[in-house]
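According to this note's numbering, the sequence shown is numbered sequentially starting from 26.
A short write-up of the structure that comes next.
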Amino acid sequence: MSSFRRDKKEDEDGGNMFVSLEKTTILQEARKFNDTTVNPRKCTPILTKLLFLLYQGELLTVKEATDVFFAMTKLFQSKDVVLRRMVYLGIKELSCIADDVIIVTSSLTKDMTGKEDIYRPAAIRALCSITDATMLQAIERYMKQAIVDRNSAVSSAALVSSLHLTKLAPDVIKRWVNEAQEAINSDNIMVQYHALGLLYHIRKTDRLAVTKLVAKLTKMSLKSPYAVCMLIRITAKLLDEEESLNDTAMIEFMEYCLRHKSEMVVYEAAHAIVNLKRTTSRELAPAISVLQLFCGSAKPTLRFAAVRTLNQVAITHPSAVTACNLDLENLITDSNRSIATLAITTLLKTGAESSVDRLMKQIATFVSEISDEFKVVVVQAIRALALKFPRKHSVLMNFLSAMLREEGGLEYKASIADTIITIIEDNPDAKETGLAHLCEFIEDCEHFSLAVRILHLLGKEGPKTKQPSRYIRFIYNRVILECPSIRAAAVSSMAQFGASCPDLLENIQVLLARCQMDSDDEVRDRATYYSNILSKQDKSLYNNYVLDTLQVSIPSLEKSLREYTQGSTNQPFDMKSVPLQAIPTSREEEHHKHKPDGMLVSAGPIKAAVSNKQVNYAEKISELPEILDMGSLFKTSEVVELTESETEYFVRCIKHCYAKHMVLQFDCLNTLSDQLLEKVKIQVDPSEGYRVVQEFPCPKLPYNETGTAYVVVEFPEEDLVGTVGTFGAVMKFVVKDCDPTTGLPDTDEGYDDEYMLEDLEITLGDQIQKVSKANWQVSWEEAEKSFEEREDTYSLSTFNSLEEAVKNIVQYLGLQPCERSDKVQEGKTTHTLLLAGVYRGGYEVLVRAKLALSEGVTMQLTVRSADAEVAELITATVG
Numbered sequence: 026m027s028s029f030r031r032d033k034k035e036d037e038d039g040g041n042m043f044v045s046l047e048k049t050t051i052l053q054e055a056r057k058f059n060d061t062t063v064n065p066r067k068c069t070p071i072l073t074k075l076l077f078l079l080y081q082g083e084l085l086t087v088k089e090a091t092d093v094f095f096a097m098t099k100l101f102q103s104k105d106v107v108l109r110r111m112v113y114l115g116i117k118e119l120s121c122i123a124d125d126v127i128i129v130t131s132s133l134t135k136d137m138t139g140k141e142d143i144y145r146p147a148a149i150r151a152l153c154s155i156t157d158a159t160m161l162q163a164i165e166r167y168m169k170q171a172i173v174d175r176n177s178a179v180s181s182a183a184l185v186s187s188l189h190l191t192k193l194a195p196d197v198i199k200r201w202v203n204e205a206q207e208a209i210n211s212d213n214i215m216v217q218y219h220a221l222g223l224l225y226h227i228r229k230t231d232r233l234a235v236t237k238l239v240a241k242l243t244k245m246s247l248k249s250p251y252a253v254c255m256l257i258r259i260t261a262k263l264l265d266e267e268e269s270l271n272d273t274a275m276i277e278f279m280e281y282c283l284r285h286k287s288e289m290v291v292y293e294a295a296h297a298i299v300n301l302k303r304t305t306s307r308e309l310a311p312a313i314s315v316l317q318l319f320c321g322s323a324k325p326t327l328r329f330a331a332v333r334t335l336n337q338v339a340i341t342h343p344s345a346v347t348a349c350n351l352d353l354e355n356l357i358t359d360s361n362r363s364i365a366t367l368a369i370t371t372l373l374k375t376g377a378e379s380s381v382d383r384l385m386k387q388i389a390t391f392v393s394e395i396s397d398e399f400k401v402v403v404v405q406a407i408r409a410l411a412l413k414f415p416r417k418h419s420v421l422m423n424f425l426s427a428m429l430r431e432e433g434g435l436e437y438k439a440s441i442a443d444t445i446i447t448i449i450e451d452n453p454d455a456k457e458t459g460l461a462h463l464c465e466f467i468e469d470c471e472h473f474s475l476a477v478r479i480l481h482l483l484g485k486e487g488p489k490t491k492q493p494s495r496y497i498r499f500i501y502n503r504v505i506l507e508c509p510s511i512r513a514a515a516v517s518s519m520a521q522f523g524a525s526c527p528d529l530l531e532n533i534q535v536l537l538a539r540c541q542m543d544s545d546d547e548v549r550d551r552a553t554y555y556s557n558i559l560s561k562q563d564k565s566l567y568n569n570y571v572l573d574t575l576q577v578s579i580p581s582l583e584k585s586l587r588e589y590t591q592g593s594t595n596q597p598f599d600m601k602s603v604p605l606q607a608i609p610t611s612r613e614e615e616h617h618k619h620k621p622d623g624m625l626v627s628a629g630p631i632k633a634a635v636s637n638k639q640v641n642y643a644e645k646i647s648e649l650p651e652i653l654d655m656g657s658l659f660k661t662s663e664v665v666e667l668t669e670s671e672t673e674y675f676v677r678c679i680k681h682c683y684a685k686h687m688v689l690q691f692d693c694l695n696t697l698s699d700q701l702l703e704k705v706k707i708q709v710d711p712s713e714g715y716r717v718v719q720e721f722p723c724p725k726l727p728y729n730e731t732g733t734a735y736v737v738v739e740f741p742e743e744d745l746v747g748t749v750g751t752f753g754a755v756m757k758f759v760v761k762d763c764d765p766t767t768g769l770p771d772t773d774e775g776y777d778d779e780y781m782l783e784d785l786e787i788t789l790g791d792q793i794q795k796v797s798k799a800n801w802q803v804s805w806e807e808a809e810k811s812f813e814e815r816e817d818t819y820s821l822s823t824f825n826s827l828e829e830a831v832k833n834i835v836q837y838l839g840l841q842p843c844e845r846s847d848k849v850q851e852g853k854t855t856h857t858l859l860l861a862g863v864y865r866g867g868y869e870v871l872v873r874a875k876l877a878l879s880e881g882v883t884m885q886l887t888v889r890s891a892d893a894e895v896a897e898l899i900t901a902t903v904g
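This is how it looks when you write it as structure tokens:
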């Protein structure tokens, strides 16, 4: 054992003895491995240095790795324990680089089956790292024996190695299930844990087998707390996959684990219960009680875990956490600042309006001492609080402004800016205060992306305030002091003031004239462009070229321009042929705006991500053999599930709308391991007026693989109202019975079968693309001259509130709410909803819906569109 110890001098040094290592030197020293007599005292440090280089990311060529590997195999002659274990590590590291590594298989197999227990676990791990699917059969017997070995280290090594081998040869590992079940009865906590992990991975694709495994193990008393924690996670996953929490046995097991003797298990059970998708406040109560007890624990780790979990629960079930408020208040003074931060942010989510001022003062005492990560958690809590208590916006804004002035990274500052912008958009009373704070922030902002975003916001919101001129100074300062990207954004922002505020136009023109002498091309070009437009004093030009930005999909525009330049250029380029930029739904915005752990991030790239997805769909469809030339893809709708997720065949549909056609993409999944499906097609029964043009079946659908079938239908030409309808759908295919382990069919001949799917609806929203209108009123006035208008009145008796009516109207029509008209002020009995969009074919649509609440909701709907039939379609469909 003396070789394990370091010299006293080395302990005192505390430095890294491997700092100045060079690969060439080490490879030369490795020639020592070829000596006739192996010297462990010399070879062990050399091998250590080599492994250190590999762990640091040093790359060896195949020849270098092979030479070192073969030299290293000669060290098997030595019986030195440390050297032998270093050799095993070397084999694992070099096995993926060197050639002919299987040469050491016999030596490793000998060590694996030998009597020296200290060699066997490491030998198993090394052997499995060099084994491929063809060699696995040769060591299968030894692996099975090792899994049930009496030595716990050997058994654990075999189980973990088997788990890694499931990626290589899952069918072979499935045959080891009996040994894994025997290992799960081991008294050793790690063996039991690893055995459960292997069993679950063997069976995870078979829901019934996993359910049986959980049912069996929940009745056993597992000794390993690690295994119980894993079992809780598996159980929670099964419960989440069900439609409702109706499995009493699983729920009882989770609640039983709340009384386990291990604190690790108790917390895991509580965490799992509060994170179940369909849990109610009543079902949360036992878990919340346990977390409340942990809040008073003497162990900081338990206090942190409890308060962090309660912080997450407070987002969805704030009333359930209210019972813990007293315990959380005691944690505000905790010596651990992370715990104190989480306690306060949880109280902010659950507390009353009267406690806001007190809590904000307590946060201010230590907010500068915590890390950026926890500052973001505080900011997120303030955002939720501002939305919950709008009247407290002044206190919260002042606090956020103070945080903006502190040091911090981009993510932290972006989260504060996001929060202020959200408060401004949600609460009109907070607009001017918020804009003032943001103006002050960009005076010293070191993050270009944030400054550009705030300048854009100032251009959008500043002209609508009582004193727009007060913001011009802050914007023009950016032109004088900042980098080109910020100067360009400032020019665009000033132009919006000039277009929206006639009394400021003359001053803006003077400033733009100065900007035309800028040193940067982009800044000069923008200044010249906007100055020229503003000089025309034409509201229509202002609206189209200053206030409303280009809303086409940039990737699609690039593709269309490339195709245009490569083809015949006799005709002018038609901008209407380019698909519009997809505006995300509120659900997509939330997904992109928040990370999974709740951290706020910039929401900038959302639209591009959505648009790129649509471009990918269009490219995939264009590659279909003999597909019609349908033009550009206009819109891709949300996924619609046509079967239940638990059925033998899972089918979902994605609708792709073109100018005159719709492509129905059916993604099909076969969940039966003993069946191979071939010639899979979806037969649709379209509503009247539609015509099925083309069908593209899926040639083959093996087990657990997704295949795609397409159906192309043509829209009714004469009656646009008929484009809204319901399609029947049946999946037809040829079934071949097959071996579940290999997936190969038992016979070449199959039999025809079919599977009924749920009806598919083609809605008005599938044919309309959302567009934003910065100044909807100007667009509405312009449309009066050139657009067709239709008007009708409707009684919406099914809605009991204006909020509910607005939400459903927006969802049904598929149009974009403008000027925040989808926000209904509390207590109002009348409301006007302003909507904008483009119908397939490029026809612009503007809608004004005047709503009144009186024993139901009455709506006066006015539609203006470039095409009379489109306006008629919208009024008729709503009716």
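Where is the CB? At the ideal position from N, CA and C, for every residue including glycine.
Given the structure is predicted, the values throughout are model-derived calculations rather than measurements.
Which one of the options has the shortest CA to CA distance from residue i?
{"i": "Glu54", "options": "Lys795, Asn452 and Asp92", "result": "Asp92"}
{"i": "Ile172", "options": "Thr156, Ser804 and Gln217", "result": "Gln217"}
{"i": "Ser180", "options": "Ala147, Glu663 and Val253", "result": "Ala147"}
{"i": "Asn350", "options": "Arg495, Glu280 and Leu318", "result": "Leu318"}
{"i": "Leu769", "options": "Glu703, Gly82 and Glu829", "result": "Glu703"}
{"i": "Asn641", "options": "Glu471, Gly656, Pro650 and Thr661", "result": "Thr661"}
{"i": "Asn557", "options": "Glu394, Phe824 and Tyr570", "result": "Tyr570"}
{"i": "Ile276", "options": "Met289, Ser287, Cys682 and Ala295", "result": "Ala295"}
{"i": "Asp240", "options": "Leu821, Arg845 and Asp272", "result": "Inspection of the sequence shows that residue 240 is occupied by Ala rather than by Asp. The shortest Cα separation from Ala240 among Leu821, Arg845 and Asp272 belongs to Asp272."}
{"i": "Gly790", "options": "Thr818, Leu373 and Gln841", "result": "Gln841"}
{"i": "Glu207", "options": "Ser419, Leu697, Asn300 and Leu242", "result": "Leu242"}
{"i": "Val477", "options": "Tyr735, Ser494 and Phe499", "result": "Phe499"}
{"i": "Glu869", "options": "Leu876, Val895 and Lys757", "result": "Val895"}
{"i": "Arg175", "options": "Ile209, Leu193 and Lys199", "result": "Ile209"}
{"i": "Leu233", "options": "Met255, Glu266 and Arg66", "result": "Glu266"}
{"i": "Lys324", "options": "Ser593, Thr334, Thr305 and Asp359", "result": "Asp359"}
Find out if the Cβ-Cβ distance for the pair residue i, residue j is shorter than 9 Å.
{"i": "Ala310", "j": "Cys320", "result": "no"}
{"i": "Phe197", "j": "Gln170", "result": "The amino acid occupying residue 197 in the given sequence is Val; Phe does not appear at that position. Going by C-beta atoms, Val197 is not nearer than 9 Å to Gln170."}
{"i": "Leu537", "j": "Ala524", "result": "no"}
{"i": "Val709", "j": "Val717", "result": "yes"}
{"i": "Asp692", "j": "Gly750", "result": "no"}
{"i": "Pro711", "j": "Val746", "result": "no"}
{"i": "Leu862", "j": "Gly839", "result": "One point to set straight first is that residue 862 is Gly, not Leu, in the sequence displayed. Yes, Cβ-Cβ distance for Gly862 and Gly839 is below 9 Å."}
{"i": "Val401", "j": "Ile388", "result": "no"}
{"i": "Asn729", "j": "Leu782", "result": "no"}
{"i": "Glu813", "j": "Ala891", "result": "yes"}
{"i": "Ile446", "j": "Gly434", "result": "no"}
{"i": "Asp773", "j": "Lys757", "result": "no"}
{"i": "Leu367", "j": "Phe329", "result": "yes"}
{"i": "Ala345", "j": "Lys374", "result": "no"}
{"i": "Pro509", "j": "Glu468", "result": "no"}
My assumption, with CB atoms under 8 Å, is that residue i sits in contact with residue j. Please give the rounded CB distance.
{"i": "Leu184", "j": "His219", "result": "4 Å"}
{"i": "Lys438", "j": "His481", "result": "About 16 Å separates the two Cβ atoms, so there is no contact after all."}
{"i": "Ile497", "j": "Arg503", "result": "The pair is not a contact, with the Cβ atoms about 11 Å apart (cut-off 8 Å)."}
{"i": "Ile441", "j": "Met428", "result": "6 Å"}
{"i": "Leu529", "j": "Gln576", "result": "With 8 Å as the limit, Leu529 and Gln576 do not qualify as a contact, their Cβ atoms being about 26 Å apart."}
{"i": "Gln792", "j": "Cys682", "result": "6 Å"}
{"i": "Leu785", "j": "Ala754", "result": "6 Å"}
Check whether chain C comes within 9 Å of residue i, counting only Cβ atoms and requiring the distance to be less than that.
{"i": "Asp454", "result": "Absence of chain C from the displayed structure is noted, only one protein chain being present."}
With which residues is residue i paired in a DSSP beta bridge?
{"i": "Met781", "result": "Val755"}
{"i": "Arg677", "result": "Glu666 and Asp692"}
{"i": "Asp969", "result": "Residue 969 is absent from the structure shown; the chain starts at 26 and stops at 904."}
{"i": "Phe721", "result": "Tyr735"}
Alpha helix (DSSP H) runs wholly inside the stretch 320-352, at least 4 long, in chain order:
325-341 and 343-346
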